[in-house]
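Below is one structure, written out as C-alpha cells; comments come after it.
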Amino acid sequence: MNQALQLGFRTFINLSIFPVDPRKLGIGRLAPLRGKVMGSKRRSFSNPSSIADQNIDKKLRDAIDNDNYTISDNPILKDIKDDPSKIKAMTIQQLRTALRTAGIPPKGLKRELVSALQSYLAKEIDGESSLLADKQDPSNSDKRISMMMETKSVEDQVQDANSFSKVSEVQQSRRTVKQLQIKGKMVDVNAKIVATEQKKSACASGRMTSLTKKKASSDVDSKYVSAKNRVTLPVNQSEPWTILAHKKPQKGWIAYNPRTMRRSLPIENTKFVKILSWNVNGLRALLKLEGFSAMELAKQENFDVLCLQETKLQEKDVESIKQSLIEGYENSFWTCSNTRLGYSGTAIISRIKPLAVRYGLGISDHDSEGRVVTAEFDSFYLLSVYVPNSGDGLRRLAYRITEWDPSLGNYIKELEKSKPVILTGDLNCAHEEIDIYNPAGNRRSAGFTIEERQSFSTNFLSRGFVDTFRKQNPDVVGYTYWGYRHGARKGNKGWRLDYFLVSEAIADDVHDSFILPDVIGSDHCPIGLVLKL
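Position 31 of the sequence shown, counting from 1, maps to 27 under my numbering, and the rest follow consecutively.
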C-alpha cells in the first residue's frame, strides 16, 4: 500500500514521503504561498447490491433494528475482533453475514464490505459500540432499510431518494420507458449516458481519488426528471450528496455540489487564512480506519488551521500526539472530558502560532467535558466548540437552552469587544427546515426542537453572528451529518449540524464557506472557511 495511506497517526505526522521539502510547501505565518488551487478529490461510491422492493431481508432488518447487540453475542464477530487480520480473508458471504449481525447494511464490493467491518470493529474496540451515540433519528426507525433498483437500464435507476412518493408510486415509475410525461411535456432520457455513469461510479470508495476527466457526453451532474408524483432519477450516484434529498423541498432549493459551488482561492497577493472543522466521532477510531489518510486530507486542502470536535481522547493520549505532529503544524491545543473518560473533547491544530489559548468558558459547571478551545490570532479569535446534545428523551434540553447556549453567547460577545470572533464546530442544531432531511418527523428530536432552534437564533444569530454557509448559499440543501443506519449517507438523508459563525464585522471578508461531503471516516464530514485578512 502507498506509504501515504498507511494507518495510524504517524501517517499524519510524517512528511518525509513528500518529494518536496515541507518547508517549501508554503508553510507561513498567516497566508502561506499556495500552488495552484487543488480540486476536491472525490471518492467514488460503488453501486450497492440491489434489493428488490418486495424481497427485503427480514433478518437484516431485525439485525439493524436491534439496539442491544454486542460483539460478544456472536462468535464470528468475537473471533475477528480478537484477530482483525482475518477480515480480508473472509469471503463476501461471510462479510455480509458479519455485517448483518452487527446491524450494518451489507452493500457494495468486497473492499467496501471489508472497510465497513473494520470501521465497525475499530469503534467497538474504542468503546463506541453505539454508532449513533446520542444523535439518533427516531423518525427513521420505521422506515425501509433501503430501496435500491436494478442498474441495467435507466428506468431501473429510479430511487425514492427524496421520499416524495409511496412504494407503489416508485414501482410504477420503473416501467420500461425512455420518456416521462411531466406537465404535458415529454422529457427525453438518454439511457446510454446513465448506464455509462453507473459503470464509472463502481470504483473503490476507500481512498481519496481524483475523478478523471469525462467526455462531454457523459460528464453529467446530478440531474433529475421529476414526474407528477415527484419521483426522481439521479444520474450521478457516485456523488450522493448531489441528491436533493428533502421531505418537503421548497421551490428554488438545490442540492449542494462542492465541485461546482466551491470558490477558487483568492487571487495572488491576497492574504487569507483557510480553516477546516470536523467532528471526527473518535479520533483513534478514525486513524485506525483503512482508507483514511489524515496526510492526504492535509495535502488536498492545504489548510492553515484544523479544528476537531468529539475527539474522545483522554489526557494520557494527548502528549504523545502533540509530540508527533507534522512539521508546520506544531501548534496544537487539546481539551478532554474529566467527568466521563473517552467522551467529547475538542482541539485546534495550527501552522500559525496563536497569541494566546484558553480552555472552556470560564464556568466550572460547563468546563468539565472538554467542549471549548479558544485561540487568539492577530486579527480574530477562533473557537472550536462541541455543543452538548440534548440527548435521548431530551434529558439535557433545559440545560442546553437555559445554561449552555446563553453562557456561550455571552462568552463570545465578551471576546468580540477586543476583536472579531470565528466560532466553529458541531453546534448540534439544524437551524431551519432546509437544514434537515425530515423536518416534520423530527420536531421532538434532539437537535431540531423548536426550543433549540430558537435558542440558536437568540444567543448567536440575533446577537450579530452570521451563519456563513447559509449567507453564501441561501437556497442550498447541504448536510454535514448522516446517521449510520438506513443508508442515510448514500441517500443523502442528513442534518446540517456543523457551522462557521463569524462576527458581523468580518462577514463580508468570508471568501468561501464550504462542505467536504466526500471525506468519510465519521458520521460527520469536514466543513471549511476561507477568510480574507
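For every residue, glycine included, the Cβ atom is placed at its ideal position computed from N, Cα and C. The model shown is predicted, which means the values in this text are computed figures rather than measured ones.
{"Check": "C-beta contact flag for Arg459 and Gly405 at 8 Å", "Outcome": "yes"}
{"Check": "Start and end residues, beta strand (DSSP E) containing Glu372", "Outcome": "368 to 372"}
{"Check": "Backbone CA spacing between Val526 and Phe373 [nearest angstrom]", "Outcome": "15 Å"}
{"Check": "Three-way DSSP call (helix, strand, coil) for Lys131 in this model", "Outcome": "Caution is warranted here: a pLDDT of 48 is assigned to Lys131, below 50, making its placement in the model unreliable, and no coordinate value can be reported."}
{"Check": "Where Lys349 sits in the DSSP three-state scheme", "Outcome": "coil"}
{"Check": "The alpha helix (DSSP H) enclosing Val314, as first and last residue numbers", "Outcome": "311 to 318"}
{"Check": "Cβ neighbour criterion (16 or more within 10 Å) applied to Glu108", "Outcome": "buried"}
{"Check": "Continuous alpha helix (DSSP H) stretch holding Lys528: start and end", "Outcome": "No alpha helix (DSSP H) holds Lys528; the beta strand (DSSP E) holding it covers 523 to 528."}
{"Check": "Coil, strand or helix - Val381 by DSSP", "Outcome": "strand"}
{"Check": "Ile430 - DSSP class collapsed to helix/strand/coil", "Outcome": "helix"}
{"Check": "Sufficient close CB pairs (3 or more, under 8 Å) joining the stretch 334 to 351 to the stretch 301 to 313", "Outcome": "yes"}
{"Check": "Val473 versus Pro71: straight-line alpha-carbon distance, rounded", "Outcome": "43 Å"}
{"Check": "Whole-angstrom distance between Glu429 and Lys467, CA atom to CA atom", "Outcome": "15 Å"}
{"Check": "Alpha-carbon spacing of Phe537 relative to Asp79, whole angstroms", "Outcome": "Here the chain covers residues -3 to 529 and nothing more, so residue 537 does not appear."}
{"Check": "Thr420 to Arg255 span [Cα, whole Å]", "Outcome": "23 Å"}
{"Check": "Identified DSSP bridge partners for Val473", "Outcome": "Ala251"}
{"Check": "Beta-carbon proximity of Lys308 to Leu279, cut-off 8 Å", "Outcome": "yes"}
{"Check": "Closest Cα partner of Val369 within the set Trp400, Asp361, Ala352", "Outcome": "Ala352"}
{"Check": "Span of the alpha helix (DSSP H), counted from its first residue to its last, around Ser403", "Outcome": "401 to 411"}
{"Check": "Whole-Å CB distance - Thr445 paired with Leu390, under 8 Å assumed", "Outcome": "7 Å"}
{"Check": "C-alpha gap between Gly490 and Ala484, whole angstroms", "Outcome": "7 Å"}
{"Check": "Secondary structure of Lys148, DSSP reduced to three states", "Outcome": "Because the pLDDT at Lys148 is just 36, under 50, the model does not fix this residue reliably, and the value given afterwards should be weighed accordingly. Residue state, collapsed to three classes: coil."}
{"Check": "Residue environment, Ile263, which counts as buried when at least 16 other CB atoms sit within 10 Å", "Outcome": "exposed"}
{"Check": "Residue-chain proximity (Leu95, chain C), Cβ-Cβ < 8 Å", "Outcome": "Of the protein chains in this structure there is only one, and it is not chain C."}
{"Check": "Residue from Glu326, Asn327, Gly341 whose Cα sits closest to the Cα of Ser333", "Outcome": "Gly341"}
{"Check": "Which of helix, strand or coil DSSP assigns to Phe510", "Outcome": "strand"}
{"Check": "Among Leu411, Asp313, Trp400, the one whose alpha carbon lies nearest that of Asn424", "Outcome": "Trp400"}
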